[in-house]
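Enquirer:
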Amino acid sequence: MSLVSNGNGHLACNGIEKPFKIFVGYYPREDLTYKVCCHSLHKRSSIPIEITLIKQSELRKSGLYWRERGQTKSTEFSFSCFLTPYLANYEGWAMFVDCDFLYLNDIKELRDLVDDKYAIMCVQHEYTSKEKTKMEGVVQTVYPRKN
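Converting from the sequence shown to our numbering requires adding 13 to each position, the first position being numbered 1.
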């Protein structure tokens, strides 16, 4: 079995397109929003996708994550999201999203923007929160390159 990139960041195995790997940060208090996120992805996707939870309790049990949750972290995946390349076996392209994403368009539109000349792609924008607190009343900490 051989894995090759077709030049657009899409892996193929023996001519069959591999699923686009999407890792969703899971937060137990947001189980319903996680389910809505996954449903909206599956409902609108015209390409094969593979959705994997990044669930801190499971990462801890497997010894992959041991960091204590700091006071400024509002979700369990504030840092565990950085395990995405490892969890994807450093193979092809993978995407991390928060569990409260709602997809209104086909994820293929985003996946088609992938360019193999980059090691990582992200949205860059100037943003400073206007709110003093965030999820569950956690104090909003302002620092450079937060988003």
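Using N, Cα and C, we set each Cβ at its ideal position, and we do this for glycine too.
Owing to the predicted nature of the structure, the values given are computational and were not obtained by experimental measurement.
Quick check on this structure: which residue in Glu63, Trp106 and Leu115 has the alpha carbon closest to the alpha carbon of Lys130?
Expert: When each option's Cα is compared against that of Lys130, the closest is Trp106.
Enquirer: Under the three-state reduction of DSSP, which class applies to Thr46: helix, strand or coil?
Expert: In this structure, Thr46 counts as helix in the three-state DSSP scheme.
Enquirer: From Ala132 to Cys94, what does the alpha carbon distance come to, in whole angstroms?
Expert: Approximately 17 Å between the Cα atoms of the pair.
Enquirer: Which of helix, strand or coil does DSSP assign to Glu63?
Expert: DSSP places Glu63 in strand when its eight states are reduced to three.
Enquirer: What are the partner residues of Asp111, as DSSP defines its beta bridges?
Expert: DSSP lists Gly38 as partners of Asp111.
Enquirer: I'd like the list of long-range same chain contacts for Gly38, defined as Cβ closer than 6 Å, with 5 residues on each side in sequence excluded.
Expert: For Gly38, where only same-chain residues beyond five positions count, the Cβ hits under 6 Å are Ile67, Phe90, Cys94, Asp111 and Cys112.
Enquirer: May I have the straight-line CA-CA distance separating Phe33 from Lys143, to the nearest angstrom?
Expert: Looking at the two C-alpha atoms, the distance is approximately 34 Å.
Enquirer: Would you give the residue range spanned by the alpha helix (DSSP H) that Ser70 belongs to?
Expert: It spans Gln69 to Lys74 - the alpha helix (DSSP H) in which Ser70 sits, taken as one unbroken run.
Enquirer: Taking Cβ positions, are Cys51 and Phe114 nearer each other than 7 Å?
Expert: Going by C-beta atoms, Cys51 is not nearer than 7 Å to Phe114.
Enquirer: Which two residues bound the contiguous alpha helix (DSSP H) that contains Pro98?
Expert: It spans Thr97 to Leu100 - the alpha helix (DSSP H) in which Pro98 sits, taken as one unbroken run.
Enquirer: According to DSSP, simplified to helix, strand and coil, what is Glu144?
Expert: Correct three-state label for Glu144: coil.
Enquirer: Short check: CB of Tyr116 to CB of Leu54, under 7 Å?
Expert: Yes, these two residues count as a Cβ contact at 7 Å.
Enquirer: With a Cβ-Cβ cutoff of 7 Å, do Asp125 and Ser59 count as a contact?
Expert: Contact flag unset, no.
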